[in-house]
Amino acid sequence: MAEMSAVERWLVNSLFRAWLQRREVRAFIRWAELSPDPSVLDMGCGRGVSSKLILEQLRPKRLAAFDFDPSMVELARRRLDDRVDLRVADATKMPYEDDSFDAVFESGVAHHVPDWQAAIREVARVLKPGGRFCFAEPSIGRLRGGMYRILPHAVESMFEVDEWRAALADAGLTLDGTMQRLPLWDICGVATKR
Ligand SMILES: C[S@@+](CC[C@H](N)C(=O)[O-])C[C@H]1O[C@@H](n2cnc3c(N)ncnc32)[C@H](O)[C@@H]1O
Numbered sequence: 485m486a487e488m489s490a491v492e493r494w495l496v497n498s499l500f501r502a503w504l505q506r507r508e509v510r511a512f513i514r515w516a517e518l519s520p521d522p523s524v525l526d527m528g529c530g531r532g533v534s535s536k537l538i539l540e541q542l543r544p545k546r547l548a549a550f551d552f553d554p555s556m557v558e559l560a561r562r563r564l565d566d567r568v569d570l571r572v573a574d575a576t577k578m579p580y581e582d583d584s585f586d587a588v589f590e591s592g593v594a595h596h597v598p599d600w601q602a603a604i605r606e607v608a609r610v611l612k613p614g615g616r617f618c619f620a621e622p623s624i625g626r627l628r629g630g631m632y633r634i635l636p637h638a639v640e641s642m643f644e645v646d647e648w649r650a651a652l653a654d655a656g657l658t659l660d661g662t663m664q665r666l667p668l669w670d671i672c673g674v675a676t677k678r
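Converting from the sequence shown to the numbering used here requires adding 484 to each position, the first position being numbered 1.
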């Protein structure tokens, strides 16, 4: 798995990131248009800021969250209570039953996963039919420019928007409308499991 550099870890755990996450979670909730009492999965939850926001803003019936990095899950454990089913797990082998979530949310995780297409297939597997996948990722172009240049990323886990669209379709996820935009990310939107 591609590990975060020290600089990226510092940024991911910064107040600036937490401030942006508030906006992202609000956007995901708006895009997902979920029925009341949804079950939600926070994929690659990092230190748990997004999970806490999901709890506060959406009040889901069930919230599960996982991250590959045990040290991030430990930070999340300190932030969250036992309303969240929190685990160390790999996005390419999720420890959940088929068809178990109404929504999967993820920000900035897939571009760390060398086999990111497998992670998308896992999202499709754990979503219920009609379930919603809300995502926010940087394209190769974005990763090679601006502030991202100080954050080294493994080439094998980078993708462009057309590759992302194709992987969604191959996994049985239909993109709803056009892609959205968020401040850090240029591959953002929602896709529905067929
Ligand atoms: C850039 S951080 C984003 C964290 C958080 N989602 C956020 O928005 O701030 C990427 C996260 O993905 C996690 N990650 C990387 N590979 C993973 C994998 N295969 N499965 C699950 N999480 C993974 C990292 O440990 C890290 O917490």
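Where a beta carbon is used, it is the ideal one built from N, C-alpha and C, also for glycine.
* Name the DSSP bridge partner or partners of Cys-618? -> Residue pairing of Cys-618 in beta bridges, as defined by DSSP: Phe-589 and Val-674.
* **Where the beta strand (DSSP E) through Arg-562 begins and ends** => Run containing Arg-562: none in the beta strand (DSSP E); it sits in the alpha helix (DSSP H), 554-563.
* To do: Buried or exposed for Glu-606, please, with buried defined as at least 16 other CB atoms from any protein chain shown within 10 angstroms of its CB.
  => By the neighbour-count rule (16 or more Cβ atoms within 10 Å), Glu-606 is buried.
* **Asp-670 to Ser-623 span [Cα, whole Å]** => Looking at the two C-alpha atoms, the distance is approximately 6 Å.
* Count the other CB atoms, across all protein chains shown, that sit within 10 Å of the CB of Met-631; report buried if there are 16 or more and exposed otherwise. => It counts as exposed.
* **Residues bridged to Ala-548 [DSSP beta-bridge criterion]** => BP columns for Ala-548 point to Leu-525 and Asp-569.
* Is Thr-658 near ligand 1, going by C-beta to nearest heavy atom under 7 Å? -> Taking the Cβ of Thr-658 as the reference point, every heavy atom of ligand 1 lies at 7 Å or farther away.
* Kindly examine ligand 1 and report whether one of its heavy atoms sits closer than 7 Å to the Cβ of Gly-459. => Residue 459 lies beyond the range of the chain shown here (485 to 678); nothing can be said about it.
* Exposed unless 16 or more other CB atoms sit within 10 angstroms - verdict on Phe-550 -> Counting the other CB atoms within 10 Å of its CB gives Phe-550 a total of 16 or more, which places it among the buried residues.
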